[in-house]
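Chains as they are written, first to last, in the working numbering: chain X, 1 to 288; chain C, 1001 to 1505.
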């Protein structure tokens, strides 16, 4: 009650500032939402499939989605991406958590060296190593038509270098817990699975979520590995092509429909697990 | 800010102590940078010492070893067989035989091939019926790749061999003291306990070696060859050219053409401007938005936050490609401005002139980046104790003063490492540039298909994927590494939050 009074009695300046902030934030939210509103309208537009100069469709229809499902390999791209994302969620999280635990909890010879090595390797542009990785994968026949396992390997193999956020989290769990368990005769492996893992639920969910979401947005690696084999594309590479000069006049609304189908489940998942994302991102940024 | 003595420092209340630390950090900045420069020769010297110690310890083991240990220098695992460690012995012996077999059958040839990367190019002849017959000869790419793999296998073997003699030495010492060395069963057990880190790190490190270290090593070698569109295996050979490619990029090529060097300089400058502006504009505006949302008395905090956060979730290739098309010549923005509002008569070329395109990518990058920063800043701002502000208010500090004297230094202090990572991430920000402009507008002034908004990383991409100019791409990749490494080295050494990782525990 007294709190409210204080605000009211404050000079009009505070009120003006607050109104300005509301205007600013509302405008901001509008700007941030426009592309998505536009995406939805275009996806459901029935007339002409090219770009038009108005926002509201004159005719609403599902034609774009039907076209997408029947006349394009969209769903096979979707399936590819989904399989990659699923495998990546499992493999990458396992790798990241193992590395993070080992580097956070155990002290051994070469630990500093490994951390510095990963730091230095991380400074090379990822695409540089991609060129040679492409040839290595090609040796094993894991490019073009076999891109799905190839991409899973590419994403998972180097994921150990992204251990920072998980390690930062493990660092905050008191070490006395480990020690108490070890005095009681638990092995390191048991401590990891039975004590640390249950406590690290937020960071595990964050890691899995990131690992699952990343392949949906990857264009750079996927375009190189799947080069020239349409069936093996992931959604990003597949949809990208529809916006080039030759295709855009016939595929623009199809692209929007496809983009919508990709965005909805990812966004839903993200919003559901938002809490963990915020925790991971802020924790990671603050601890470094 | 004057320096306080230790006693005075300890006498300060904790909050003031923190502020004093932050102030001192900025005062000491130049000195610290000088110190880093001193560390480089020191690091090199340390490396030389480590190599020296390695050989010294081999000598020591040989001198102190009994006959079993000494034979193990040649026949790996020999000593283990006599010291109740048959499991280990079998593994070592197996590895050695595998290695010898590999070197004899394949490795030797691969290694020899590295000398000139192949001698005979593929021959194409016409047979009696006038059809083309292709006889594949040497493939430089495969020769180089296999050669690199062989080098890594040899390095791995030397390492195994060293572990072998060292373990012999340890076991010998134990037996001399009358202790029985660990059995194989105990070895396995310790992999789940004291040596659990080996189990945990084995697969990740193998993955990093095969898919990061070897490829990077391979690409560094490519930078010293003439592997490009006119030397594409399997039809043609490529070979070693020394530092020529570096000269092409940094000064001028053999014929005195410095167009590549010019392009590189221009793109490097733009990359730096981009990274700097993109990082700091996102940082400050994101912080501003966070402060607006978190301000006392503002309602609908959750709504505002949710709308902004949602944009993180939508895959960038959807949102950025769409935005890029919205601003294109036939796009909705031009359409509305021209047809519906009548503000313009001719389309605005958002992506067609270099300056406009650069401003646009920076602006759209704000759209991408502000939500992240809003989240991070919210987390940090919540952690600033309220009583600092309270006391500042009592002392009569204005809102602006509170911001510059408390909020900003605290934010910078806490998120210093994050600023560095996001700066280096922006140097390599492929998605925003490539999905928005793909480097356009292309210009004739640039070599190698580069355009006005190309960063080094997107140029690297188009050099490889569209131009097949691998040698130049490799050089650019190495130079990007040098730039990032130098910046990181400086920032890591002056940033207080990066050190003392044990402090958190």
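C-beta atoms are modelled at their ideal positions from N, C-alpha and C, and glycine is treated no differently.
- Annotated as distal: residue 1217 (chain C) and residue 1241 (chain C), with beta-carbon spacing of 8 Å or more.
- Proximity of residue 1316 (chain C) to chain X, defined by a Cβ-Cβ separation below 8 Å, is satisfied.
- In the DSSP assignment, residue 1133 (chain C) is bridged to C:1125.
- About 11 Å separates the CB atoms of residue 259 (chain X) and residue 74 (chain X); that is not less than 8 Å, and the two are not in contact.
- Under the Cβ criterion of 8 Å, residue 92 (chain X) is not counted among the residues facing chain C.
- Non-local beta-carbon contacts of residue 203 (chain X) in its own chain, meaning distances under 6 Å to residues more than five positions away in sequence, involve 166, 169 in chain order.
- Identification of chain X residues near residue 1393 (chain C) by a Cβ-Cβ cut-off of 8 Å yields none; the smallest Cβ-Cβ distance measures about 13 Å.
- The segment 1368–1375 of chain C and the segment 1275–1291 of chain C touch, with no fewer than 3 CB-CB distances between them shorter than 8 Å.
- Only those residues of the segment 1264–1283 of chain C whose C-beta falls short of 9 Å from the nearest C-beta of chain X would be listed, and there are none.
- If one requires a minimum length of 4 residues, the alpha helix (DSSP H) runs lying completely within the segment 129–186 of chain X are 147–157, 164–172, 175–183, in chain order.
- If you draw a 10 Å sphere on the C-beta of residue 1444 (chain C), you find fewer than 16 other C-beta atoms in it, and that means exposed.
- A distance of 8 Å or more separates the beta carbons of residue 149 (chain X) and residue 139 (chain X).
- Contiguous alpha helix (DSSP H) elements confined to the segment 1051–1095 of chain C occur at 1067–1074, 1078–1082, taking only those with 4 or more residues.
- Less than 8 Å divides the Cβ of residue 55 (chain X) from the Cβ of residue 41 (chain X).
- At least one CB atom of chain X sits nearer than 8 Å to the CB of residue 1322 (chain C).
- Contact annotation: the segment 1093–1109 of chain C touches the segment 1146–1153 of chain C, with at least three C-beta pairs closer than 8 Å.
- Annotation for residue 206 (chain X): 276, 280 place their beta carbon closer than 6 Å to its own, counting only its chain and skipping 5 residues before and after.
- By the neighbour-count definition (other C-beta atoms within 10 Å, threshold 16), residue 1044 (chain C) is an exposed residue.
- For residue 45 (chain X), not one C-beta of chain C is nearer than 8 Å to its own C-beta.
- DSSP places residue 111 (chain X) in the uninterrupted alpha helix (DSSP H) bounded by 111–121.
- Within 10 angstroms of the beta-carbon of residue 1023 (chain C) lie fewer than 16 other beta-carbons, which makes it exposed.
- Against chain X, the CB of residue 1193 (chain C) has a partner CB under 8 Å away; the residue lies at that interface.
- The CB of residue 1311 (chain C) comes closer than 9 Å to the CB of 32, 33, 35, 36 in chain X, given here in chain order.
- Within the same chain, no residue comes within 6 Å of residue 120 (chain X) by CB-CB distance, once the 5 residues on both sides are set aside.
- The beta carbon of residue 1480 (chain C) is closer than 6 Å to those of 1456 in its chain, skipping five residues each way along the sequence.
- Taking a C-beta distance under 8 Å as the contact criterion, residue 1472 (chain C) and residue 1257 (chain C) do not qualify as a contact pair.
- Shown here for residue 1171 (chain C): same chain residues with a beta carbon closer than 6 Å to its own, the five before and five after excluded, namely 1083, 1181 in chain order.
- Counting along the chain, the unbroken alpha helix (DSSP H) around residue 1402 (chain C) starts and ends at 1399–1402.
- Under the 8 Å Cβ criterion, the segment 119–135 of chain X counts as touching the segment 1200–1215 of chain C, having at least three qualifying pairs.
- Classified as exposed, residue 1265 (chain C) has fewer than 16 neighbouring CB atoms from the shown chains inside 10 Å of its CB.
- Taken in chain order, the complete alpha helix (DSSP H) segments of 4 or more residues contained in the segment 1404–1463 of chain C are 1408–1427, 1430–1436.
- In this structure the segment 1428–1442 of chain C touches the segment 1310–1321 of chain C; the number of beta carbon pairs closer than 8 Å is three or more.
- At least 8 Å separates the CB of residue 1057 (chain C) from every CB of chain X.
- At the C-beta level, residue 253 (chain X) and residue 1335 (chain C) stay beyond 8 Å of one another.
- Taking 9 Å as the Cβ-Cβ cut-off, the segment 212–231 of chain X approaches chain C at 213, 216, 217, 218, 219, 220, 223, 224, 227, given in chain order.
- DSSP places residue 45 (chain X) in the strand class (E or B) of the three-state scheme.
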